[in-house]
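Each protein sequence line maps, in turn, to chains C and Y. Under this note's numbering, the first residue of the first sequence is numbered 112, with each subsequent residue one higher. Under this note's numbering, the first residue of the second sequence is numbered 503, with each subsequent residue one higher. Here is the structure we will look at.
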Amino acid sequence: MNAIEIRNLSKSFRSMYAVDHLNMTVPIGAIYGFIGENGSGKSTTEKLICGHLVPDCGEIKLFGKDFTDPGVRVRVGALIENAGCFPGSSVYQNLMMQAINLGIENPDEEIRRVLSIVRMESNAELKFKKCSLGMKQRIGIAMALLGDPALLILDEPINGLDTDGMRIMREILVDITKNYGCTVLISSHILGELEKIATHYGIIRRGKMIMELSAEEMDSRAQVFVSLKTKDMEGAKQLLSGNFADVRLEEEHIRVYDVDDTEKIVDCLMRGGHVVSEIKKNKIGLEEYYVELMSRKEDK
Amino acid sequence: MNSTAKELKFTSPSFTERLRGMLGVDFYRLFHTPVFYIFLAISAIIPAMVSAMTMMPDQNGNTMEPLYSNVWQIIAADESLYVINTIADYANMNMVFIFGGIMVSIFIGHDYKSGYVKQLFTTHPKKQDYMMSKSLVSAFAMACMCISYLIGGTVAGLLVGYETDVNALSLIIAILGKIFMSLGWASLYTFLNIIFRRYFGLSIASSFFFGTGILIIGAAAIVENLSLPTSFLNIFLYGASVNACLSSDIWSLFICILVSVLWAVFYNVLGTHILSKSDVY
């Protein structure tokens, strides 16, 4: 059984497919990074899972049950686009409304618990409209966390956050999956941040899922490369190109792909009279992998 | 993994539990936001102002002809007046259904404006929960506004010095009839707000339009010209509301309850269907 299982899901607006026969599998306990460019169908897919939009066709199952089952939906927490709070009400009042909605027995205690998870205990009485963007995002997370959800759906939760805010959000998400057994579906444009927490990835393009893979699979697919600097970058690149298959001059570094033997590279350069000032082994990150994957798809 | 296994129990809440949750939210919001109290105050002030206005001197310094002769005419007309001739025929507790429409539009409109409706629909896949809860809470708010109107109108009428003679039973029936009509009106406004959920201004305008009873007044004029019996207009919300007057009998109360409940069911079923078949946010 998976947390989310989507088969053949479609949604169109004015006969344009926003989600086009999409298949998706999110394992239980995963932090699933949902990646795609603007307008690729991420938010639409999330809204379909939450029942905000009516699908044209397809099947959505949450924990093996139909997504319209009230028993499973009451265990879904969502932060889509914004926190969905009343600006004139306090943080506490907004959370209280959701706690009552979920039928939580001891709402006050539950509100204190989620506020402490998002580190906002001292801001409970603050009016929502007075909160900063980072605080609003955290309140949105707190709202989604009420009632011990089994599944969290978060649409761009780290948008607009500063470095510290992103770190806090990252820690919160890891904490809730590890300590509360929650599955998280998270979409974000900030792939560097996503890479630090995601256990699985789904890459969507023009409404279609083009790839799903685990973080381990991503790691094994990620190209290894050696990055280096010399005084004569152009000359060094020409020399290395004669000895290695994939050599690229990228910004201030030369990258030699699919090679992890730095000695061989240094030896080659020294024989050619080049002095290496900086050299390191590396792997391409999620962002580069994604960009490359997209450019390959574009070429096709 | 132990904790994961422990969490994966999905117990479907019963209809009562779901409705209780949704009603709880709506009542909490109603009592914690100023809009409800503002409209309660408006409901009390308007009849007082209408009464006071009639006592103001005109351009020649003469006191105007009073709108009413009796305190209770501020609450309901002497008889069922489907076609109105003067402002006095119109200005009674039925006006609450106009203010109520605006209040319900603001109340429901903020669900969509704030985005809170996303939280509700994420956890409540059954759209009838939403329709029923909004209709019931709005009906409660409008019933409170009727009581507020009753207090404001009565106090103002007594201060102005109108007569107080009335058939007590008919008065009670008229008041109760109008309070019961709140359910039907609230369901209509909830339905209109579902239709115009993306257009806050339109939802307020449509509620105001229907609340004024312009449609039924127009229909009544046609019926009167055709010399048809006007009593069939009682099957409509405005007609039944007008029918609850100072000459009402128990039959009028029965009509109010029946018409209100039937229209409430109609609008709830239709609203639920529309919400289930369309994108909600």
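No residue lacks a Cβ here, since even glycine has one placed at the ideal position from N, Cα and C. Here the structure is a predicted model, which is why all the values come from computation and not from measurement.
So which of the options has the shortest CA-CA distance to residue i?
i: Y/Trp574; options: Y/Tyr664, Y/Tyr632, Y/Phe756; result: Y/Tyr664
i: Y/Ala554; options: Y/Ala641, Y/Val657, Y/Ser582; result: Y/Val657
i: C/Leu226; options: C/Met405, C/Cys379, C/Pro181, C/Lys247; result: C/Lys247
i: C/Arg118; options: C/Asn134, C/Leu257, C/Val165; result: C/Asn134
i: C/Val185; options: Y/Thr513, Y/Leu521, Y/Leu694, Y/Asp631; result: Y/Thr513
i: C/Val61; options: C/Phe145, C/Leu339, C/Asn193, C/Met381; result: The requested residue 61 of chain C is not part of the displayed model; chain C covers only 112 to 411.
i: C/His132; options: C/Phe145, C/Pro166, C/Glu148; result: C/Pro166
i: C/Asn354; options: C/Leu380, C/Thr341, C/Leu159, C/Glu116; result: C/Leu380
i: Y/Leu678; options: Y/Ser754, Y/Glu726, Y/Ile544; result: Y/Ser754
i: C/Gln209; options: Y/Phe609, Y/Met605, Y/Leu583, Y/Thr625; result: Y/Thr625
i: Y/Val552; options: Y/Leu569, Y/Leu717, Y/Gly611; result: Y/Leu569
i: Y/Ala722; options: Y/Phe710, Y/Leu704, Y/Tyr701, Y/Val744; result: Y/Val744
i: Y/Pro549; options: Y/Leu542, Y/Leu622, Y/Tyr651, Y/Pro731; result: Y/Tyr651
i: Y/Met524; options: C/Met231, C/Met329, C/Arg223, C/Gly214; result: C/Gly214
i: C/Ala255; options: C/His300, C/Cys196, C/Tyr312, C/Glu236; result: C/Cys196
i: Y/Ser607; options: Y/Ser708, Y/Ser749, Y/Asn572, Y/Leu685; result: Y/Ser708
i: C/Lys392; options: C/Glu306, C/Glu374, C/His385, C/Tyr401; result: C/Glu374
i: C/Gly396; options: C/Arg332, C/Arg125, C/Gly175; result: C/Arg332
i: Y/Lys680; options: Y/Ala645, Y/Thr666, Y/Ile706; result: Y/Ala645
Mind checking whether the beta-carbon of residue i lies closer than 6 angstroms to any heavy atom of the ligand GDP?
i: C/Arg332; result: As far as ligands go, the structure on display features none, and thus does not contain the ligand GDP.
Which residue or residues does DSSP assign as beta-bridge partners of residue i?
i: C/Gly383; result: Beta-bridge pairing links C/Gly383 to no other residue.
i: C/Glu328; result: DSSP, once it has assigned bridges, lists no residue as partnering C/Glu328.
i: C/Tyr128; result: C/Ser123
i: C/Arg118; result: C/Glu170
i: C/Leu133; result: C/Leu120
i: C/Leu262; result: C/Val187, C/Thr294
i: C/Tyr143; result: C/Leu296, C/His311
i: C/Asp177; result: C/Lys172
i: C/Thr341; result: C/Val387
i: C/Phe336; result: C/Tyr368, C/Asn393
i: C/Lys238; result: C/Ser201
i: C/Lys319; result: C/Arg316
i: Y/Glu665; result: Y/Asn572
i: C/Glu361; result: C/His364
Under a three-way DSSP split, which group does residue i fall into?
i: Y/Lys628; result: coil
i: C/Asp378; result: helix
i: C/Tyr368; result: strand
i: C/Val187; result: strand
i: Y/Leu510; result: coil
i: Y/Met605; result: helix
i: Y/Leu652; result: helix
i: Y/Asn572; result: strand
i: Y/Arg700; result: coil
Exposed or buried, what is residue i when buried is set at 16 or more other beta-carbons lying within 10 Å of its beta-carbon?
i: C/Glu403; result: exposed
i: Y/Ser762; result: buried
i: Y/Pro536; result: exposed
i: Y/Tyr539; result: exposed
i: Y/Leu728; result: exposed
i: Y/Pro515; result: buried
i: C/Gln349; result: exposed
i: C/Ser388; result: exposed
i: Y/His775; result: exposed
i: Y/Ser505; result: Caution applies to Y/Ser505, whose pLDDT of 45 falls short of 50 and renders its modelled position unreliable; the value that the coordinates give is listed next. Looking at its Cβ environment, which holds fewer than 16 other Cβ atoms inside 10 Å, Y/Ser505 is exposed.
i: C/Leu305; result: buried
When you compare the CB of residue i with every CB in chain C, is at least one pair closer than 7 angstroms?
i: Y/His534; result: yes
i: Y/Asp667; result: no
i: Y/Ser505; result: Confidence is the limiting factor: at Y/Ser505 the pLDDT is only 45, short of 50, which leaves the residue's position unreliable, though a coordinate-based value still follows. So yes, Y/Ser505 belongs to the interface.
i: Y/Thr518; result: no
i: Y/Ser709; result: no
i: Y/Lys620; result: yes
i: Y/Ser616; result: yes
i: Y/Gly720; result: no
i: Y/Leu526; result: The amino acid at residue 526 of chain Y is misidentified as Leu; the sequence shows Gly. Yes, Y/Gly526 lies at the interface with chain C (some Cβ there is under 7 angstroms from its Cβ).
i: Y/Val639; result: no
i: Y/Gly523; result: yes
i: Y/Val782; result: yes
i: Y/Phe512; result: yes
For a cutoff of 7 angstroms on Cβ pairs, would you count residue i as touching chain Y?
i: C/Val137; result: no
i: C/Gln209; result: yes
i: C/Leu397; result: no
i: C/Gln204; result: yes
i: C/Val285; result: no
i: C/Pro181; result: yes
i: C/Arg184; result: yes
i: C/Asn193; result: yes
i: C/Leu164; result: yes
i: C/Gly313; result: no
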